[in-house]
Amino acid sequence: MPAFMVCLSTTLSAQWIVAGETRPTDHYHDLLPDTLLNAPQGLSGGSESLFLDLNVDGTMDLELKAECQLGGMVFTYHDGTATPLNGTQLSWARMDSCFANMPDTVLVFALPVAATFHAGDTIDADGGWTEQPVTLGYHSSNASVPNNFGYGCSASDLHHDPGFLGVRLVSSGDTLYGWVHLPWVGLKGDSLLVSEFAFQLQPVGIAPAAVHSDQLIVRGGWLEIPPSIPGPVRMLLMDATGRVVMARTVHAGLQDLGSLVDPAGMYVCVLHWTGGSWSTRLILEQH
Numbered sequence: 006m007p008a009f010m011v012c013l014s015t016t017l018s019a020q021w022i023v024a025g026e027t028r029p030t031d032h033y034h035d036l037l038p039d040t041l042l043n044a045p046q047g048l049s050g051g052s053e054s055l056f057l058d059l060n061v062d063g064t065m066d067l068e069l070k071a072e073c074q075l076g077g078m079v080f081t082y083h084d085g086t087a088t089p090l091n092g093t094q095l096s097w098a099r100m101d102s103c104f105a106n107m108p109d110t111v112l113v114f115a116l117p118v119a120a121t122f123h124a125g126d127t128i129d130a131d132g133g134w135t136e137q138p139v140t141l142g143y144h145s146s147n148a149s150v151p152n153n154f155g156y157g158c159s160a161s162d163l164h165h166d167p168g169f170l171g172v173r174l175v176s177s178g179d180t181l182y183g184w185v186h187l188p189w190v191g192l193k194g195d196s197l198l199v200s201e202f203a204f205q206l207q208p209v210g211i212a213p214a215a216v217h218s219d220q221l222i223v224r225g226g227w228l229e230i231p232p233s234i235p236g237p238v239r240m241l242l243m244d245a246t247g248r249v250v251m252a253r254t255v256h257a258g259l260q261d262l263g264s265l266v267d268p269a270g271m272y273v274c275v276l277h278w279t280g281g282s283w284s285t286r287l288i289l290e291q292h
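In this note's numbering, the protein residues as written are 6 to 292.
Below, the structure written as structure tokens:
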């Protein structure tokens, strides 16, 4: 049966998360298997993306993308980027200067480079944070013929060390932190391996056994849909990557999620019916 637990409040001096580690109240997701993003290498180039819902609220917070851009005889550009969405911020380490040599002018701009965290590093307010895309790696080349156009960056090639990407999000006045594990980034940046991520669901200092009061705990795999919701009801369960893991039509009463969804973990449950809809974040426990 659904149950609610009350979250305890406390005065906090700082927020942080440790790369590669989690607390009982953090959301942790293992992609199982690791997801490899490979940019298409054909004549027209292209990109491949992965979207993540870090705090499992049904809204995507981060896009990871591997891309290959081809400019004929002018340039080729391979890169991997992380783009924060819907108020998410990413940790960056430095700015790299890049240029585009055009017929009448030279355009110079700055490219933020993602910070690399290693297992055991503290991710907190220190360092740079941005709501702009950050680069995880790139490789560029340019030709001087036939028009002397060109493109390049001061680092020429950049490779994000294997490790963790720092992320954070302001929620209900609290700044919550997380990490995304990138165990491998291709030398050109146009291929990325994503294995797991974790994100805080409540501030550090709250009792570890507590969870937000708006989270349903599904004990024994059973979720009850109240009779006040008219049937039939379309029920969807989505994981943290936005993937629908279950979709079925149900009616009011007890629903046996445990026999339909594996593994246990945190999901977004969405109900649609004639004249209304409802969604919540729930924790499906082992049973």
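In this text, a Cβ means the ideal position worked out from N, Cα and C, and glycines have one as well.
C-alpha gap between residue i and residue j, whole angstroms
i, j, result
"aspartate 62", "asparagine 43", "28 Å"
"glycine 85", "tryptophan 278", "41 Å"
"arginine 173", "leucine 59", "9 Å"
"leucine 95", "tryptophan 134", "5 Å"
"leucine 90", "tyrosine 143", "21 Å"
"arginine 248", "glycine 50", "26 Å"
"proline 235", "tryptophan 283", "12 Å"
"valine 238", "methionine 251", "14 Å"
"alanine 214", "arginine 28", "Low confidence applies to alanine 214: its pLDDT is 38, below 50, so where it sits in the model is not reliable, and the reading given next is rough at best. So the two alpha carbons sit approximately 10 Å from each other."
"histidine 34", "tyrosine 272", "10 Å"
Nonlocal neighbours in the same chain, by C-beta distance under 7 Å from residue i, ignoring five residues either side
i, result
"arginine 253", "Met240"
"alanine 71", "Leu42, Asn43, Ala44, Ser52, Glu53, Gly85, Asp195, Ser196 and Leu197"
Exposed unless 16 or more other CB atoms sit within 10 angstroms - verdict on residue i
i, result
"phenylalanine 256", "Sequence check: residue 256 is histidine here, not phenylalanine. Exposed, since its Cβ has fewer than 16 Cβ neighbours within 10 Å."
"serine 102", "exposed"
"glutamate 229", "exposed"
"isoleucine 22", "buried"
"glycine 92", "exposed"
"serine 177", "exposed"
"tryptophan 184", "buried"
"aspartate 244", "buried"
"leucine 259", "exposed"
"glycine 280", "exposed"
"aspartate 66", "buried"
"methionine 100", "exposed"
"alanine 24", "buried"
"valine 216", "Per-residue confidence for valine 216 stands at a pLDDT of 39, beneath the threshold of 50, marking its modelled position as unreliable; no derived number is given."
Contact check, residue i vs residue j, beta carbons under 8 Å
i, j, result
"leucine 170", "alanine 119", "yes"
"threonine 30", "leucine 181", "no"
"aspartate 129", "glutamine 20", "yes"
"glycine 226", "leucine 276", "no"
"leucine 287", "cysteine 274", "yes"
"valine 190", "leucine 141", "yes"
Own chain partners of residue i with C-beta closer than 6 Å, once the 5 adjacent residues on each side are dropped
i, result
"glycine 168", "Thr121, Phe122 and His123"
"valine 139", "Ala87, Leu95, Trp97, Pro117 and Ala119"
Contact the segment 192-207 vs the segment 30-41: 3+ CB pairs below 8 Å: Touching, per the Cβ criterion.
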